[in-house]
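FYI, in the UniProt record's numbering the residues of the sequence shown are 1 to 225.
Heads up, the thing below is written out as structure tokens.
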Amino acid sequence: MSEFKKHCWHDVIDSDTREIYQPYERVTFIGKKPALLLIDLYNLVYEGGSLPVKVVVKNHPSSCGVHAWDAVEPTKQLISLARCRDIPLIYSTQVTNHLEATNRVRNVVLDNSYDIHEAFRPEPDDLIIRKERASCFFGTPLIAYLTKMGIDSLIICGESTSGCVRATAVDAHSYGFHSVIAEECTFDRSLISHKVSLFDLHHKYADVMSLDEVKAHLDLRMVEF
């Protein structure tokens, strides 16, 4: 199986659908000047601990439970990878007002609920985008920052795959940025939504890569440039 096809959705996408999407197969890549975009890795997502989502959401409706916690170590590796290669880090989080990114019922919001989780604490030079809707581009200065830094591609991770990650990746494509989604570092409350969204994004708007693929592409990029 080619690298283009080796992904988590293989058990939920039938062979007929995979054949229909065959024309989308292509060479994947990371651009010359990427930035790492970490979407909504705030405290609410991790409340209740590493429990099955159907258990944890009874008391913490905004939590992604075990799926969020399973992505912690891969995401820390991705952050370390980016910092070692002087790739800019951009975090997003929710603005605390009456607007919400989705229509989901939320649990009680505390003063630190939308702070970035301590496992991924931003450094002083990192950029933090505060948004009101799903896409990191909508109503924010993100496009201006990317243009100023000369960014040509985004490595995207975070949550949720079917919501804010998808909305941001589609907008990035619309604005002309090449996007890569780090598979192990992206998660959702629902595994089926996660897998189907990654399949759809991979074929239409972004390159989904494993963490090892991201590392290999960045290593190759360092040799070339």
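Glycine residues also receive a C-beta, built at the ideal position from the N, C-alpha and C atoms.
Treat the numbers as computed from the prediction; the structure is a model and nothing was measured.
Collapsed DSSP secondary structure at residue i in the structure displayed
{"i": "Ser179", "result": "strand"}
{"i": "Asp171", "result": "helix"}
{"i": "Arg166", "result": "helix"}
{"i": "Arg130", "result": "strand"}
{"i": "Lys86", "result": "It should be pointed out that residue 86 corresponds to Asp in this sequence rather than to Lys. Reduced to three states, the DSSP call for Asp86 is coil."}
{"i": "Glu159", "result": "strand"}
{"i": "Glu3", "result": "coil"}
{"i": "Ser193", "result": "helix"}
Expected contact under 8 Å - CB spacing of residue i and residue j to nearest Å
{"i": "Ile156", "j": "Val165", "result": "6 Å"}
{"i": "Ile116", "j": "Tyr91", "result": "6 Å"}
{"i": "Val208", "j": "His202", "result": "4 Å"}
{"i": "Gly48", "j": "Gly65", "result": "6 Å"}
{"i": "Cys185", "j": "Thr75", "result": "4 Å"}
{"i": "residue 227", "j": "Cys136", "result": "The structure shown does not extend to residue 227, since the chain spans only 1 to 225, so no value can be given for it."}
{"i": "Leu154", "j": "Ser179", "result": "5 Å"}
{"i": "Ala119", "j": "Val56", "result": "Wrong, their Cβ atoms sit about 17 Å apart, outside the cutoff."}
{"i": "Glu3", "j": "Glu183", "result": "Actually they are not in contact, since the Cβ atoms of Glu3 and Glu183 sit about 12 Å apart, beyond 8 Å."}
Where residue i falls, given that 16 or more other Cβ within 10 Å makes a residue buried
{"i": "Ser80", "result": "exposed"}
{"i": "Arg189", "result": "buried"}
{"i": "Gly176", "result": "exposed"}
{"i": "Ser162", "result": "buried"}
{"i": "Ile151", "result": "buried"}
{"i": "Lys204", "result": "exposed"}
{"i": "Pro34", "result": "buried"}
{"i": "Thr93", "result": "buried"}
{"i": "Ile20", "result": "exposed"}
{"i": "residue 234", "result": "With the chain represented from 1 up to 225, any question about residue 234 goes unanswered, as that position is not in the structure."}
{"i": "Ser63", "result": "buried"}
{"i": "Leu78", "result": "buried"}
{"i": "Lys131", "result": "buried"}
Proximity below 9 Å, CB of residue i to CB of residue j
{"i": "Ile39", "j": "Thr168", "result": "yes"}
{"i": "Val45", "j": "Glu159", "result": "yes"}
{"i": "Asn59", "j": "Asn112", "result": "no"}
{"i": "His10", "j": "Leu191", "result": "no"}
{"i": "Leu41", "j": "Ala82", "result": "no"}
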